[in-house]
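Trainee:
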Amino acid sequence: MNLRMSAGPHFVARESTQTLMLDVLIALIPTTAAGVYLFGLRAAWVLAVSVISAVLAEFVWQKLARKPVRVNDLSAAVTGLILGLNMPAEVPLWLPAIGSIIAILLVKQLFGGIGQNFMNPAMLARGIMLVSWPAQMTVYTLPMRVLGSTSVVPSPDAVSAATALIRPSAYNPYDLLVGNIPGTVGEVCKLAIIIGFLYMLFVGTISWHIPVTFVGSVALLSWILGSDPWMAILSGGVLFGAVFMATDYVTNPLLKVGHIIFGIGCGIIVVVIRKFGGYPEGVTFAILLMNTVTPLIDRWTKRRVYGTVKKHG
Amino acid sequence: MGKKQTMRGVFINGVLNENPVFRLVLGVCPILAATTSATNGLGMGVAATFVLLGSNIVISLLRNFIPAKVRIPAYIVVISTFVTVVQMLIQAFVPSLYDALGIFIPLIVVNCIILARAEAFAGKNSVLHSAADGLGMGLGFTLALILIGMVREIIGNGSVFGLDILGPTFQPMLIAIMAPGGFILFGLILGIVNSIVSKIAKRSAGKGVKA
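Sequences listed follow chains A and B, in order. Going left to right, the first sequence walks through residues 7 to 319 as this note's numbering numbers them. Going left to right, the second sequence walks through residues 450 to 660 as this note's numbering numbers them.
Printed below as a string of structure tokens:
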């Protein structure tokens, strides 16, 4: 008889990296569909280029570095898709390609591959691109098509416009909610993001702590500082960032208390950058900054190990 | 310094085996600040080499007169004298470089490489050896700065020594000539150079075993 000896625990969970990433991809379907509908075929090209180059970059690196090829865990595809959704539809197509390569090689693989990166790969790649090619990364256009009847005039010729954050009052709440506004491919349709959030919450991919505290603190702080809290949430990238990027397992704290600190910290930095900084939006930098303090949060919120004595008890 | 080194050995040691940038990782502040272009890297390298050569010679000459307890202040006085000379020379003859490097010229005074060589080498060795060490370390520093400056200038500006080489269609990656890009590219270049060096060392060690 061939008995295999192994250390406990002996439970086999259904979850693997692959199934978790698949759930994230499913949650991104509404956002992706809405983005492609609103911004047309051009948006689909941007997303395709970013996903394919992310997967290729991971595959080629793992082959060249003689590491086990783990493209099947879908994490590179998720990174590529989130990065593509973070770009305006009218970017030149070399940008998503370079962005995905930066995300996978520089941010993820150089630090040891999946689970070892200290910043969210898509987020840091977007930050680097925003600083490097500010003109190309902020060419926002009005949607080609609109959802429902609205006062916004759709423009098939890609009329460039400022991000809705500059003057959110120009759009009514319905347009802000369904995404009839200029912005990046993924951030505009808030309704689709909320559907994705509810799906991930339902299947247990993420917990509510980070997204709710993140969005809540943005709303509260904007209200305190005298702007419309609904506009603050619905006009920029807060929802997309809070649901899909701040919740990255690798780069946020371990415990629920840590999640709440993380979310509130992100919210405060976003509002501070929007109100007092040079950039109209601060979600990218907020999440990156909180990524870097994640180890500190983990240290502050460390639970006492059962059976040990408190230091100052 | 257990065994007597040849002057040629001391010189080559500074450029290769103990390259201040890639092997000792000293003076990271000027490395990051002065490598926004190959020209700036060259300028900073030459200025630091001049100071290093001068301070190494003078400190070596005075090594038997400086009391051990106050040697650091004494070294700093010697070094800052040479830095002041360099600063005035650059300001007078290359004002554009003076504007580009700004505060980082006077800051050569606190450059770790210079004080480290004074402490570790010039205070214990003869004048000629100290001069060779200063020249070698300075050359190693300069070559490294030019290499990093070239990479950052190509990526961030599409040019080398101010000459446009990638044409007007190239969209420069601005972050390369900003501080965060400096950190990232310095780290990457450091890693690449050291992996090449260790590979060469392994190969030559293997040959030694066979022979």
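Quick reminder that beta carbons are idealized off the backbone N, C-alpha and C, glycines included. On a predicted model such as this, the values are computed, not experimentally measured, just so you know.
Would you please verify whether the beta carbon of Trp229(A) is less than 8 Å from any beta carbon of chain B?
Mentor: Numbered from its first residue, the first sequence carries residue 229(A) at position 223. No, Trp229(A) does not count as interfacial toward chain B.
Trainee: Counting beta carbon pairs with one atom in the segment 113-133 of chain A and one in the segment 167-185 of chain A, are three or more of them shorter than 8 Å?
Mentor: Output reads no: the segment 113-133 of chain A does not touch the segment 167-185 of chain A.
Trainee: Would you verify that the beta carbon of Ile539(B) is, or is not, closer than 8 Å to some beta carbon of chain A?
Mentor: Position 90 of the second sequence holds residue 539(B). Output row for Ile539(B): interface = no.
Trainee: Please look up how many angstroms separate the CB atoms of Val42(A) and Ala49(A), rounded, as I've assumed it's under 8 Å.
Mentor: For the purposes of this step, residue 42(A) is taken as residue 36 along the first sequence, with counting starting at 1. For the purposes of this step, residue 49(A) is taken as residue 43 along the first sequence, with counting starting at 1. Between Ala49(A) and Val42(A) the Cβ distance is about 5 Å, and since that is below 8 Å, they are a contact.
Trainee: Per DSSP, which one or two residues make a beta bridge with Leu556(B)?
Mentor: Taking the first residue of the second sequence as position 1, residue 556(B) is located at position 107. Its beta-bridge partners do not exist; DSSP assigns none.
Trainee: Under the rule that 16 or more other beta-carbon atoms within 10 Å means buried, what is Trp100(A), buried or exposed?
Mentor: Here residue 100(A) refers to the residue found at position 94 of the first sequence. That one is exposed.
Trainee: Can you name the residues of chain A whose CB is closer than 8 Å to the CB of Met456(B)?
Mentor: As a first step, residue 456(B) is located in the second sequence; it is residue number 7 there, counting from the start. Chain A residues near Met456(B): none, gap ~40 Å exceeds 8 Å.
Trainee: Would Leu584(B) be called buried (16 or more neighbouring beta carbons within 10 Å of its own) or exposed?
Mentor: Indexing the second sequence from 1 puts residue 584(B) at position 135. With 16 or more Cβ atoms within 10 Å of its Cβ, Leu584(B) is classed as buried.
Trainee: Counting only the same chain and skipping the five closest in sequence on each side, list residues whose C-beta sits under 6 Å from that of Ala60(A).
Mentor: As a working note, residue 60(A) is residue 54 in the first sequence. Ala82, Thr85, Gly86, Ser106 and Ile110, listed in sequence order.
Trainee: Quick one: measure Cβ to Cβ for Ile506(B) and Val576(B), integer angstroms, because I've assumed they're closer than 8 Å.
Mentor: Working through the second sequence from its first residue, we reach residue 506(B) at position 57. Working through the second sequence from its first residue, we reach residue 576(B) at position 127. That pair is a contact at about 6 Å.
Trainee: In chain A, what lies closer than 8 Å to Ile624(B) by C-beta?
Mentor: Start at 1 with the first residue of the second sequence, and residue 624(B) comes out as number 175. Result: Ile134, Val137 and Ser138.
Trainee: In this structure, what does DSSP give as the bridge partners for Asp613(B)?
Mentor: Taking the first residue of the second sequence as position 1, residue 613(B) is located at position 164. Ser608(B), per the DSSP bridge assignment.
Trainee: Please state whether DSSP places Thr257(A) in a helix, a strand or coil.
Mentor: Indexing the first sequence from 1 puts residue 257(A) at position 251. Here Thr257(A) sits in coil by DSSP.
Trainee: Does any residue of chain A bring its CB to less than 8 Å from the CB of Met493(B)?
Mentor: Translated into the one-based positions of the second sequence, residue 493(B) becomes position 44. Taking Cβ atoms only, chain A never reaches closer than 8 Å to Met493(B), which makes this a no.
Trainee: Can you look up Asp234(A) in the DSSP assignment and give me helix, strand or coil?
Mentor: On the first sequence, residue 234(A) is found 228 positions in, with the first residue counted as 1. Three-state result, Asp234(A): coil.
Trainee: Contact between the segment 264-277 of chain A and the segment 289-301 of chain A: three or more CB pairs below 8 Å?
Mentor: Judged by Cβ distances under 8 Å, the segment 264-277 of chain A makes contact with the segment 289-301 of chain A, as three or more pairs qualify.
Trainee: If we count Cβ pairs, one from each stretch, closer than 8 Å, do we get three or more for the segment 563-580 of chain B versus the segment 544-555 of chain B?
Mentor: Judged by Cβ distances under 8 Å, the segment 563-580 of chain B makes no contact with the segment 544-555 of chain B, as fewer than three pairs qualify.
Trainee: Can you tell me whether DSSP reads Ala650(B) as helix, strand or coil?
Mentor: Position 201 of the second sequence, counted from the start, is the residue given in the question as residue 650(B). The answer is helix: DSSP assigns Ala650(B) an H, G or I state.
Trainee: I'd like to know whether the C-beta atoms of Ala496(B) and Ile554(B) end up nearer to each other than 8 Å.
Mentor: In the second sequence, residue 496(B) corresponds to position 47, counting from 1. In the second sequence, residue 554(B) corresponds to position 105, counting from 1. For Ala496(B) and Ile554(B), yes; Cβs fall inside 8 Å.
Trainee: Short of 8 Å in beta carbon distance, which residues of its chain neighbour Met125(A), apart from the five on each side in sequence? Order them along the chain.
Mentor: Against the first sequence, residue 125(A) aligns to sequence position 119. Around Met125(A): Val113, Thr257, Leu294, Asn297 and Thr298.
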